[in-house]
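Note that the numbering used here gives residue 119 to position 119 of the sequence shown, counting from 1, and the numbers run on in steps of one.
Every residue, glycine too, gets a C-beta built ideally from N, C-alpha and C.
Everything numeric in this text was worked out from a predicted model, so none of it was measured.
A short write-up of the structure that comes next.
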Amino acid sequence: LAVAVALAGPREGQRDSRVRTEGIAIAMVIDLSSSMRALDLSERERERTRLDAVKEVFEQFVLGGDGLRGRPDDAIGLVSFARYADTRSPLTIDHANLVAAARALELVTEEHEDGTAVGEGLALAVERLAEAPMRSKVAIVLTDGVSNAGEITPLAAAELARDAGVRVYTVGAGTNGMAPIRVADPFTGGERLRSVRVEIDEQTLRAIAERAGG
């Protein structure tokens, strides 16, 4: 009997366990204005715009890498803005599609769409976060911070966030001084490098974060 049982090869049933974790809701707010075209965050071996650098940080934050562990348990959404704000991805735990949406972001090219409406972008993010069932809600603004458009000021949007229980963290993308930027050459139809003055409004970014508890 023992030999027969052994030949049958009985196996213990697989035991699964489920670990439930409560993630938070995060809205990533990314600047697509023309000032994000500046190349002051380029690396020695490769040229990259401010937007390129922001997208790389976004991906590392969501998926992990370069010392970051990623946010596998969190519902993350994506809002972009220039003169106007737009929802690029609703809050989701499908982070592969979220990162794909971030990779597809491009700087505005039409003059009537250009501008840096930080307040509009943050206000839209707060609106999207208000729909989330999570108790903890966060908005992360990635911008050069020089707000020059929109009906909602950055500090007014920060107050909206505070009243809605949304903590706001700000990430400045850029430097102060002179930086190269690629511009269209009307004579050749191609592009050429031009040196322009660039800045990052750290004072406003700090004020937003302090007012909204981030």
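Residue i versus residue j: straight-line alpha-carbon distance, rounded
i: alanine 173; j: glutamate 22; result: 31 angstroms
i: glutamate 169; j: glutamate 56; result: Position check: residue 169 holds tyrosine in this sequence, whereas glutamate was assumed. Spanning the two alpha carbons is a distance of roughly 18 angstroms.
i: arginine 211; j: threonine 116; result: 20 angstroms
i: glycine 190; j: serine 35; result: 20 angstroms
i: aspartate 31; j: valine 118; result: 8 angstroms
i: arginine 88; j: phenylalanine 81; result: 10 angstroms
i: histidine 196; j: leucine 91; result: The identity of residue 196 in the sequence shown is valine, whereas the question assumes histidine. Each residue's alpha carbon lies about 37 angstroms from the other.
i: arginine 162; j: arginine 192; result: 44 angstroms
i: arginine 37; j: alanine 164; result: 33 angstroms
i: isoleucine 93; j: aspartate 185; result: 43 angstroms
i: isoleucine 181; j: proline 72; result: 36 angstroms
i: glycine 177; j: leucine 205; result: 18 angstroms
i: alanine 75; j: alanine 96; result: 12 angstroms
i: alanine 102; j: arginine 46; result: 20 angstroms
i: arginine 44; j: arginine 83; result: 32 angstroms
i: glutamine 203; j: valine 183; result: 28 angstroms
i: threonine 175; j: glutamate 111; result: 24 angstroms
i: valine 171; j: arginine 194; result: 26 angstroms
i: threonine 188; j: alanine 179; result: 23 angstroms
Identified DSSP bridge partners for residue i
i: phenylalanine 81; result: Asp31, Ala85
i: arginine 46; result: Glu43
i: valine 141; result: Val29, Thr170
i: threonine 116; result: Answer is none; threonine 116 lacks a bridge partner.
i: valine 57; result: According to DSSP, which records beta bridges pairwise, valine 57 is partnered with nothing at all.
i: arginine 182; result: Leu193
i: alanine 75; result: Ala25
i: glycine 177; result: Val198
Cβ-Cβ distance between residue i and residue j below 8 angstroms
i: leucine 124; j: alanine 85; result: yes
i: serine 42; j: aspartate 114; result: no
i: leucine 68; j: glutamine 60; result: yes
i: isoleucine 208; j: alanine 158; result: yes
i: alanine 25; j: alanine 132; result: yes
i: glycine 77; j: glycine 70; result: no
i: glycine 121; j: arginine 167; result: no
i: valine 126; j: leucine 155; result: no
i: arginine 48; j: valine 79; result: no
Beta-carbon separation (whole angstroms), residue i vs residue j, contact threshold 8 angstroms
i: aspartate 40; j: valine 198; result: 6 angstroms
i: leucine 98; j: valine 62; result: 6 angstroms
i: methionine 28; j: isoleucine 140; result: 5 angstroms
| query | Between the segment 49 to 66 and the segment 151 to 164, do at least 3 Cβ pairs fall closer than 8 angstroms? | reply | Contact between the segment 49 to 66 and the segment 151 to 164 is not established, with fewer than three Cβ pairs separated by less than 8 angstroms.
- Can you find at least 3 beta carbon pairs, one from the segment 99 to 108 and one from the segment 127 to 140, that sit closer than 8 angstroms? no
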